[in-house]
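The structure under discussion appears below in the form of structure tokens.
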Amino acid sequence: MTQTELEKGVGEVLIDEDVLQARIRELGAEISVDYAGRDLLLVGVLKGAVFFMADLMRELTVPCEIDFMAISSYGAATDSSGVVRILKDLDINVAGRDVLVVEDIIDSGLTLSYLMRNLGARKPASLEICALLTKPSRRRTEIPCRYVGFEIPDKFVVGYGLDLADHFRTLDYIGVLTPEAAAGIVDQAGSLL
Ligand code: IMP
Ligand code: MG
928 MTQTELEKGV GEVLIDEDVL QARIRELGAE ISVDYAGRDL LLVGVLKGAV FFMADLMREL
988 TVPCEIDFMA ISSYGAATDS SGVVRILKDL DINVAGRDVL VVEDIIDSGL TLSYLMRNLG
1048 ARKPASLEIC ALLTKPSRRR TEIPCRYVGF EIPDKFVVGY GLDLADHFRT LDYIGVLTPE
1108 AAAGIVDQAG SLL
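Each residue of the sequence shown is one higher than the one before, counting from 928 in my numbering.
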């Protein structure tokens, strides 16, 4: 699909590229101050956080190492079940490190709640979360999120790494799909299962 074809599916731009990038610069500056003189390890949650992680780390003025985890939650396309499986674990031992988990979006919070318990058991020196987006009204479990890019309403969003059935990740902004585009993708994904 070309970008133009992709963009036809977007009904509303929720956060445009300039606003997104400006907020990421602010987050980068804040994290750089907080982690000065520490041992920062950014842990990106695949695949959605890849764009955010790449831009955020380039805004840091402190050294950092990076690693990634891939997790999958069982359940429907747009709803988290809280049952989480690790598909790719970290390469790096996080014991004694200052770990900052970089996530695209916190919705129910169930995925991160599992991940934080799992990483916490590995005895990092510190463990915090930086999420680009959060939907507070959807929260089903308390998640202490140290850095938040934007609070958004209860809408399913795509772009800048976020997907619906692996579509729309490559948009430079955060958008909401038209109902027709969303239904089309869900139908297509359903028929492939
Ligand atoms: P949670 O466990 O409900 O917090 O779900 C978090 C995960 O669900 C995120 O890492 C995303 O992969 C996915 N997710 C939740 N809301 C959205 C959305 O609006 N767009 C795209 N993915 C989403
Ligand atoms: Mg995700």
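Here a beta-carbon is modelled for each residue, glycine too, at the ideal position from N, C-alpha and C.
On a predicted model such as this, the values are computed, not experimentally measured, just so you know.
{"Asked": "Opening and closing residue of the beta strand (DSSP E) in which A1058 lies", "Found": "1053 to 1061"}
{"Asked": "Heavy atom of the ligand IMP within 8 angstroms of S1064 beta-carbon", "Found": "no"}
{"Asked": "Residues that F995 bridges to, as DSSP identifies them", "Found": "G971"}
{"Asked": "Rounded Cβ spacing between A1092 and K1050 (contact assumed at less than 8 angstroms)", "Found": "Not confirmed; about 37 angstroms, so no contact."}
{"Asked": "Same chain only: Cβ atoms within 7 angstroms of R1066, ignoring 5 sequence neighbours per side", "Found": "S1035, G1036"}
{"Asked": "Supposed close pair D1031, L1059 - CB separation, criterion 8 angstroms", "Found": "6 angstroms"}
{"Asked": "Beta-carbon proximity list for G975, same chain, < 6 angstroms, skipping 5 on both sides", "Found": "D1031, G1088, L1089"}
{"Asked": "8 angstroms Cβ shell around I1070 - same chain, five flanking residues per side excluded", "Found": "I1033, G1036, L1039, S1040, M1043, I1056"}
{"Asked": "Nearest-angstrom Cα separation, counted from E992 out to M984", "Found": "9 angstroms"}
{"Asked": "Between the CA atoms of I998 and F1077 - distance to the nearest angstrom", "Found": "23 angstroms"}
{"Asked": "Length of the line joining the Cα atoms of D945 and V1075", "Found": "17 angstroms"}
{"Asked": "Spatially closest choice to P990 from L973, V1011, V1026, by CA coordinates", "Found": "V1026"}
{"Asked": "Cβ neighbours of L1120 in the same chain (closer than 8 angstroms, five flanking residues each side left out)", "Found": "With a pLDDT of only 48 at L1120, under 50, the local geometry of the prediction cannot be trusted, and the value read off the model is given with reservation. None."}
{"Asked": "Spatial distance of I1112 from H1094 (CA atoms)", "Found": "8 angstroms"}
{"Asked": "Buried versus exposed call for V1028 [16 or more other C-beta atoms within 10 Å across all chains shown]", "Found": "buried"}
{"Asked": "heavy atom of the ligand IMP below 8 angstroms from G1111 C-beta", "Found": "no"}
{"Asked": "Short Cβ contact (9 angstroms threshold) for R1012 with L967", "Found": "no"}
{"Asked": "Cβ of S1000 within 9 angstroms of any chain B Cβ", "Found": "Any reference to chain B falls outside this structure, which holds one protein chain only."}
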